[in-house]
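Numbered as in my numbering, the sequence shown ends at 395 without a single skipped number.
Beneath this line is the structure, given in structure tokens, with notes to follow.
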Amino acid sequence: MFSKKMHDLGTSPSVIRDLFEYGNKRKAEIGADKVFDFSIGNPSVEPPAKVAETIEKLLRESDGVSLHGYTSGAGDMGVRTAISEYIEKIHGAKVSPSHIYMTCGAAASLTITLGALFEEGDEFITFAPFFPEYRVFVESTGAKFTVAPSDEKDFQPDLAALEKLISPATKGIIINSPNNPSGVVVSEENIVKLCELLKNKSTEIGHPIVLIADEPYRELVYGDVRVPYLMNYYDDTIVCYSYSKSLSLPGERIGYIAVSDRMNGADDAFFAICGCGRSLGFVCAPSLFQRVVKECQGMTSDISIYAKNRQILLDALTSYGYRCIQPDGAFYLFVEALEPDAKAFSDRAKKYELLLVPSDSFGVGGYVRISYCVSTEQIQASLPAFEALAKSYK
Ligand code: PLP
Numbered sequence: 002m003f004s005k006k007m008h009d010l011g012t013s014p015s016v017i018r019d020l021f022e023y024g025n026k027r028k029a030e031i032g033a034d035k036v037f038d039f040s041i042g043n044p045s046v047e048p049p050a051k052v053a054e055t056i057e058k059l060l061r062e063s064d065g066v067s068l069h070g071y072t073s074g075a076g077d078m079g080v081r082t083a084i085s086e087y088i089e090k091i092h093g094a095k096v097s098p099s100h101i102y103m104t105c106g107a108a109a110s111l112t113i114t115l116g117a118l119f120e121e122g123d124e125f126i127t128f129a130p131f132f133p134e135y136r137v138f139v140e141s142t143g144a145k146f147t148v149a150p151s152d153e154k155d156f157q158p159d160l161a162a163l164e165k166l167i168s169p170a171t172k173g174i175i176i177n178s179p180n181n182p183s184g185v186v187v188s189e190e191n192i193v194k195l196c197e198l199l200k201n202k203s204t205e206i207g208h209p210i211v212l213i214a215d216e217p218y219r220e221l222v223y224g225d226v227r228v229p230y231l232m233n234y235y236d237d238t239i240v241c242y243s244y245s246k247s248l249s250l251p252g253e254r255i256g257y258i259a260v261s262d263r264m265n266g267a268d269d270a271f272f273a274i275c276g277c278g279r280s281l282g283f284v285c286a287p288s289l290f291q292r293v294v295k296e297c298q299g300m301t302s303d304i305s306i307y308a309k310n311r312q313i314l315l316d317a318l319t320s321y322g323y324r325c326i327q328p329d330g331a332f333y334l335f336v337e338a339l340e341p342d343a344k345a346f347s348d349r350a351k352k353y354e355l356l357l358v359p360s361d362s363f364g365v366g367g368y369v370r371i372s373y374c375v376s377t378e379q380i381q382a383s384l385p386a387f388e389a390l391a392k393s394y395k
């Protein structure tokens, strides 16, 4: 009657969603302000004003047929040209408009890219901790999903471990920086070493290993932290970008895939991307929002709010005795659980109405993820609960 594989996927619980649903139930029981829900990465800051202004302008000035009609499968050429120019201006990398494919967000960027690259017997490798949907996206293509560890002290990628894992089956490496769930930005030094390793390994195994940069958090960085643009370090790079987090537009489903002009067989890779988007039935990315993002290149919602939340949490949690991974980007804090079993710790946190995601589904044990894209009031109000939770372990 139906696919068992898909049924299993549809019924297997996502830990994050489970916790989120539990939070909604609990809020109905005791009041929303009494539950400190840090479960989900839904931006809490308004999109920049330019988003609404552009929508209004487009509605006023364009005719509805062209504004809401299909664009070409890869996206509107004017939009792709604007993105290409932006990438060159800001990052100094060459991605011609004919190598940019508009998508319904990073999830679509990834599924299309993985499907376009996959050949029978391939594997894709990522580093733990990782966004749990990677496993679903990779395995849905038929490829093997392999996890390399990160360095335990700073959660930078463990390149020695990666070197041992790479085999002729390795088609690509997924890098997510700034990282969900750790907030870690991979240092330029490690990017240089990683790219060197991939160049050598590509020669050794006789085919290029593709670097897939999943970058929905690229602009969400704090202080003077820089996120290296991977195409500038490695030719066989495909960037999977999304405006979900930078412009606070996750429900509008808009992003793109950028294939480096310097990639081996870039044109063919792009055709495979077009074919995969077609086979998955994406048709084209939402046309109104393609036009909106064209006018909002490089903008972000007010991330000073996330910066403030991050600092309040870091200072308070450290003073209560928690150990946090240095979060240079995204809006997540990865905190060592106060007992080895992260799930047991998350369950105990619930007694204090704190909803913290246990780290196991991110591919590492012993941590919880705090999504701090919530109101600063919620952060302030939650601090006594964090303190009481820490004291309960003393
Ligand atoms: N990749 C990472 C690392 C994410 O955290 C998310 C969403 O939270 C996605 C991809 C999917 O993003 P989008 O909503 O743009 O599809």
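We treat Cβ as the ideally placed atom computed from N, Cα and C, and that holds for glycine.
Can you tell me whether Phe132 sits near the ligand PLP, meaning its C-beta is under 7 Å from at least one heavy atom of the ligand? Phe132 Cβ: within cutoff of the ligand PLP.
With distances taken between CB atoms, is the gap from Glu76 to Leu118 smaller than 8 Å? Going by the sequence as given, residue 76 is Gly instead of Glu. Not a contact, by the Cβ cut-off of 8 Å.
Nearest-angstrom Cα separation, counted from Lys28 out to Val137: Using only the alpha carbons, I get a separation of about 30 Å.
Where Ser383 and Asp348 are concerned, what is the direct C-alpha to C-alpha distance, given to the nearest angstrom? Rounded to whole angstroms, Ser383 to Asp348 spans 16 Å at the Cα level.
Which residues in the same chain as Tyr87 place their Cβ atom closer than 8 Å to its Cβ, once the five residues preceding and following it in sequence are excluded? Its chain contains Gln298 and Gly299 as the residues whose beta carbon lies nearer than 8 Å to that of Tyr87, once the 5 sequence neighbours on both sides are disregarded; these appear in chain order.
Which value, in whole angstroms, describes the spacing of the CA atoms of Asp268 and His100? Straight-line Cα distance between these residues: approximately 7 Å.
For Ile56 and Val293, I'd like the C-alpha separation in whole angstroms. So the two alpha carbons sit approximately 6 Å from each other.
8 Å CB neighbourhood of Met344 in its chain, flanking five on each side removed: Note that residue 344 corresponds to Lys in the displayed sequence, not to Met. Correct list, in chain order: Pro359 and Asp361.
Report yes if the C-beta of Ala108 is less than 7 Å from at least one heavy atom of the ligand PLP; otherwise report no. Answer for Ala108: yes, Cβ within range of the ligand PLP.
Are the region 96 to 113 and the region 281 to 288 touching, with three or more C-beta to C-beta distances below 8 Å? The region 96 to 113 is in contact with the region 281 to 288.
Is Gln291 buried or exposed, if buried means 16 or more other CB atoms sit within 10 Å of its CB? Label assigned to Gln291: buried.
So, is Asp316 buried or exposed, given that buried needs 16 or more other C-beta atoms within 10 angstroms? By the 10 Å Cβ count, Asp316 comes out exposed.
Thinking C-beta only, is Ser243 closer than 8 Å to Ala94? No, Cβ-Cβ distance for Ala94 and Ser243 is not below 8 Å.
In this structure, does DSSP put Gly65 in helix, strand or coil? If DSSP states are grouped into helix, strand and coil, Gly65 belongs with the helices.
Kindly give me the distance between the Cβ atoms of Leu212 and Tyr230, rounded to whole angstroms, as I take these residues to be in contact under 8 Å. No, Leu212 and Tyr230 are not in contact; Cβ-Cβ is about 11 Å, not under 8 Å.
I'd like the span of the beta strand (DSSP E) that includes Cys241, first residue to last. Taken as a continuous stretch (DSSP letters only), the beta strand (DSSP E) holding Cys241 covers Thr238 to Ser243.
Which runs of the beta strand (DSSP E) fall wholly inside the region 118 to 191 and span at least 3 residues, in chain order? Those beta strand (DSSP E) runs which fall completely within the region 118 to 191 and span 3+ residues are 124 to 128, 145 to 149 and 171 to 177.
For Arg254, count neighbouring Cβ atoms within 10 angstroms of its own Cβ and tell me buried if that reaches 16, exposed if not. Buried, by the Cβ-count rule.
Can you find a heavy atom of the ligand PLP that lies under 7 Å from the Cβ of Pro44? No, since every heavy atom of the ligand PLP falls outside the 7 Å radius drawn around the Cβ of Pro44.
I want to know whether the region 66 to 74 touches the region 27 to 44 - three or more CB-CB distances under 8 Å. These segments do not touch.
Please state whether DSSP places Met7 in a helix, a strand or coil. Three-state DSSP puts Met7 in a helix.
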